[in-house]
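Residue numbers for the sequence shown follow UniProt numbering, so the first one is 1 and each next one is one higher.
Structure first, then comments.
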Amino acid sequence: MLRKKLKLSLSEDSKKVSETICEYPAPSNEYFNNENSKDVPTTLLKYATALNDKLRKLSFDNPVKYVYNPVEYAFDMYASFIKKFCNDEKKILLLGMNPGPFGMVQTGVPFGEIKMVKEWYQIQGKINKPAIECPKRKIMGLDCHRAEVSGERLYEFFKKTCDTPKNFFRNTYLYNYCPLALMKEGGKNITPSSLKGSVKKELEEYCNDTLMQVLSLLKTEIIIALGVYVKGQAETILKVHNIQNIEVIYMPHPSPIARGNGNWGEKAQKVLEENDLLKYFSPE
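Structure (structure tokens):
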């Protein structure tokens, strides 16, 4: 059975990108047939699917022209990532903002730089396409030859620090706050933080609720927030729910756009050292 997805359309008056349709197979029951309601991967996938259902109803103003949700069109890859690396509770949540054009947008894996996914994670799976593709942001999947610098920096640092994915994910889960990639006409990225008005409020409400579910399920004690925006969102959630036993630690986002960020690995190392976190990533 084919499932309705996002289809972009502009209204004559408001020029809004409204709810639309993309057709490709819905996630099969094999992802959700575990009888244990406390099964972590199955529950995480249910949370993701419920969030997708809510986000699909949002209408975006210009300049948003394209809306990609790799958790939908690359669900097989996303599910493989979760099932392989998040089978139990995680003390640390490494929190990113949203998919990058040559990382998760292509692979369905958070910060999923191609080389990282293929060689380090060793994940394979089916990757479909969004309803309407931006000509400058075509989905090439694992055949994409462009590097996602943010993911590449993250990959290089944690590969050096942890040696193996097993060590990396021993205490940590890697999660993006919002699964949507938003783009202008020419493919330029629009971050959730730069949205305005009611659509931003709705998006944050949905993403905050899901993040709270994830934190509760994984019994997370430490959030390493990659960037100012997700740090603020995490702190807001904890304040609203009066949660005092989860610590939020800021780490600069590995984005190449930020000035003076060429030595991101050194900055990340400093954060882990100053907060006594290296022990959770170092090889046993």
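We treat Cβ as the ideally placed atom computed from N, Cα and C, and that holds for glycine.
Given the structure is predicted, the values throughout are model-derived calculations rather than measurements.
query                                                                                                                                                                : result
With a 10 Å radius around its C-beta and 16 neighbouring C-beta atoms as the bar for buried, classify V17 as buried or exposed.                                      : Caution applies to V17, whose pLDDT of 47 falls short of 50 and renders its modelled position unreliable; the model cannot decide the point.
Would you kindly work out how many angstroms separate the C-alpha atoms of T43 and P110, rounded to a whole number?                                                  : 18 Å
On a CA-only basis, which of I257, E133, T107, E284 is nearest D143? Give me that one, please.                                                                       : T107
Hey, how far is the Cα of I249 from the Cα of M212?                                                                                                                  : 17 Å
Report the rounded CA-to-CA distance for P130 versus Y73, giving the unit in angstroms.                                                                              : 6 Å
In angstroms, rounded to a whole number, what distance separates the CA positions of D88 and P70?                                                                    : 24 Å
What's the C-alpha gap between residue 293 and I190?                                                                                                                 : No answer is possible for residue 293: the residues shown for the chain start at 1 and end at 284.
Excluding the 5 residues flanking K231 on each side, which residues of the same chain have their C-beta closer than 7 Å to its C-beta?                               : A225, V248, Y250
Which of the three DSSP states is assigned to M251 in this structure?                                                                                                : strand
If I'm right that N171 touches K118 with Cβ under 8 Å, what's the distance once you round it to whole angstroms?                                                     : At roughly 24 Å, the Cβ-Cβ gap does not stay under 8 Å, so N171 and K118 are not in contact.
Assess, as a yes-or-no matter, whether the region 177-194 is touched by the region 144-153 under the definition of 3 or more beta carbon pairs within less than 8 Å. : no
Could you tell me the alpha carbon to alpha carbon distance between W264 and L95, rounded to whole angstroms?                                                        : 16 Å
From the DSSP secondary-structure annotation, give me the bridge partner or partners of N176.                                                                        : G96
Is the CB-CB distance between L182 and V67 below 8 Å?                                                                                                                : yes
Between the alpha carbons of D276 and G103, how many angstroms are there, rounded?                                                                                   : 29 Å
Residue range of the beta strand (DSSP E) that M67 falls in?                                                                                                         : In the sequence under discussion, the amino acid at residue 67 is Val, which differs from the Met named in the question. Its beta strand (DSSP E) spans residues 66-68.
So residue 285 and Y229 are supposed to be a Cβ contact under 8 Å. How far apart are they, rounded?                                                                  : For residue 285 there is no data in the structure shown, the boundaries of the chain being 1 and 284.
Looking at the unbroken alpha helix (DSSP H) that takes in M77, where does it start and where does it end?                                                           : 75-85
On a Cα-Cα basis, can you pick out the residue from N208, F158, K84 that is closest to Y47?                                                                          : N208
Between the C-alpha atoms of P179 and G112, what's the straight-line distance to the nearest angstrom?                                                               : 13 Å
According to DSSP, simplified to helix, strand and coil, what is L58?                                                                                                : coil
So what's N189 in DSSP terms, helix, strand or just coil?                                                                                                            : strand
Where G197 and K57 are concerned, what is the direct C-alpha to C-alpha distance, given to the nearest angstrom?                                                     : 16 Å
Since P165 and W120 are thought to touch, with beta carbons under 8 Å apart, how far apart are those beta carbons, to the nearest angstrom?                          : 6 Å
So what's M140 in DSSP terms, helix, strand or just coil?                                                                                                            : coil
Quick check on the DSSP output: the beta strand (DSSP E) that includes L182 runs from which residue to which?                                                        : 181-183
What first and last residue would you give for the beta strand (DSSP E) that runs through L226?                                                                      : 222-226
Do F81 and V114 come within 8 Å of each other at the CB atom, strictly closer than that value?                                                                       : Rather than Val, the amino acid found at residue 114 in this sequence is Ile. Not closer than 8 Å, so no.
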